[in-house]
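Final position of the sequence shown in my numbering is 236; the numbers increase by one with none missing. Every residue gets a Cβ at the ideal spot worked out from N, C-alpha and C, and that includes glycine. Since we're looking at a predicted model, the values are computed, not measured.
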Amino acid sequence: MISFIVPAYNEELELPATLLAIRQAAATAKESYEMIVVDDASTDATAALAQAAGAVVLPINRRQIAAARNAGAKHSRGEILFFVDADTRINAIHIRDGIAALRAGCSGGSARIVTDANVPFWGGVFVKLFCLLYFANKLGAGAFIFTTRKNFDSIGGFDERYFAGEEVFLSLALKRLGPFKILREPMVTSGRKLRMHSGRHLWWRSTCMMLGGLKAYRSREKLDLWYDGKRESKPT
């Protein structure tokens, strides 16, 4: 069985479409599955919407992405784990190709990224450059990562010392176990960060993180891109 683990904080706008995409993908791929939404201290209708969509809701109060993913993995029952962010849409190709990669001996994998509609021009260029450089190094994007439970447990899961970048450390750990597969089929993830923040703000925060070294990732301070809680008020 596949376990889809979805960390969520105040995701009432994006979550229903994400869970619908998971259900449709799993049905098309003809795989048995469970959906676990890790509700990390939401104050909106996230939990109710997740339950209505047929997901198991696991409440926690950590406000940390790595901790939410680890909690979901611990609570899950599947032998294959798919971590999908609450604002990300996957399809049956991701499931089929992901499982095929694991059966072929890959330690885990991810997929390339495309954003949803209406992102600014500079944002589209930024995403393309990011994908070109990031995925060339065979690193997984946090929005979508898959592996086996055996591999996940053997590396100790996501490193909870970090409040951002935990997917990089997980990817590096999995790569020590075997090939890490980047699927050709891109996932669709929200471009809300590009719509809600200026290019200058994103550049400044990225620069601070790069200059701050690993210490910059070990606190929510200056990680507002992940933890400020800003959400759009209507679908794109």
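Query raised in the report: What alpha helix (DSSP H) runs, 4 residues minimum, are completely inside the stretch 38 to 125?
Result: 46 to 52, 65 to 75, 92 to 103
Query raised in the report: Sorry if obvious, but does the Cβ on Leu81 come closer than 7 Å to a heavy atom of the ligand ZN?
Result: The model depicted lacks the ligand ZN and carries no ligand whatsoever.
Query raised in the report: In terms of alpha-carbon separation, which member of Ala71, Ile182, Arg62 lies closest to Phe146?
Result: Here residue 146 is taken as the residue at index 146 of the sequence shown, counted from 1. Checking every option, the nearest Cα to that of Phe146 belongs to Ile182.
Report task. Using DSSP bridges, identify the partner residues of Val6. Result -> Here residue 6 corresponds to residue number 6 of the sequence shown, with the count starting at 1. Bridge partners of Val6: Val37.
Query raised in the report: By Cβ distance, which residues of its chain are closer than 8 Å to Ser171, with the 5 residues on each side in sequence left out?
Result: Position 171 of the sequence shown, counted from the start, is the residue given in the question as residue 171. Gly108, Ser110, Lys138, Leu139, Gly140, Ile145, Phe180, listed in sequence order.
**Report entry** Own chain, CB closer than 7 Å to Thr106, minus 5 neighbours either side, in chain order
**Finding:** Indexing the sequence shown from 1 puts residue 106 at position 106. Note that residue 106 is Cys in the sequence shown here, rather than Thr. If we look at Cys106 and ignore the five residues flanking it on each side, its Cβ neighbours are Gly178, Pro179, Phe180, Lys181.
Query raised in the report: So what does Val188 bridge to, in DSSP terms?
Result: On the sequence shown, position 188 is the one that residue 188 refers to. Paired residue(s): Arg89, Val114.
Query raised in the report: Secondary structure at Leu214, three-state DSSP: helix, strand or coil?
Result: On the sequence shown, position 214 is the one that residue 214 refers to. Of the three classes helix, strand and coil, the one that applies to Leu214 here is helix, per DSSP.
Query raised in the report: Starting from Ile145 and walking both ways along the beta strand (DSSP E), at which residues does that stretch end?
Result: Your numbering for residue 145 matches position 145 in the sequence shown. Segment 144 to 148, the beta strand (DSSP E) holding Ile145.
Query raised in the report: Going straight from the alpha carbon of Leu194 to that of Ile5, what length do you get?
Result: By one-based count along the sequence shown, residue 194 stands at place 194. By one-based count along the sequence shown, residue 5 stands at place 5. Rounded to the nearest angstrom, the two C-alpha atoms are 25 Å apart.
Requested in this report: Look at the alpha carbon of Leu214 and the alpha carbon of Arg220, and state the distance between them as a whole number of angstroms.
Outcome: Counted from its first residue, the sequence shown places residue 214 at position 214. Counted from its first residue, the sequence shown places residue 220 at position 220. Whole-angstrom Cα-Cα distance: 13 Å.
Query raised in the report: What separation, rounded to the nearest whole angstrom, lies between the Cα atoms of Ala216 and Met210?
Result: Along the sequence shown, read from residue 1 onward, the residue named residue 216 stands at position 216. Along the sequence shown, read from residue 1 onward, the residue named residue 210 stands at position 210. Straight-line Cα distance between these residues: approximately 8 Å.
**Report entry** Whole-angstrom distance between Ala66 and Ala164, CA atom to CA atom
**Finding:** On the sequence shown, position 164 is the one that residue 164 refers to. On the sequence shown, position 66 is the one that residue 66 refers to. So the two alpha carbons sit approximately 8 Å from each other.
Query raised in the report: Would you call the stretch 16 to 31 and the stretch 52 to 62 in contact, with 3 or more CB pairs under 8 Å?
Result: yes
Query raised in the report: In this structure, what does DSSP give as the bridge partners for Phe169?
Result: The residue given as residue 169 occupies position 169 in the sequence shown. Phe169 is not bridged to any residue.
Query raised in the report: Would you call the CB atoms of Gly123 and Ser3 closer than 8 Å?
Result: Translated into positions along the sequence shown, residue 123 becomes position 123. Translated into positions along the sequence shown, residue 3 becomes position 3. No, Cβ-Cβ distance for Gly123 and Ser3 is not below 8 Å.
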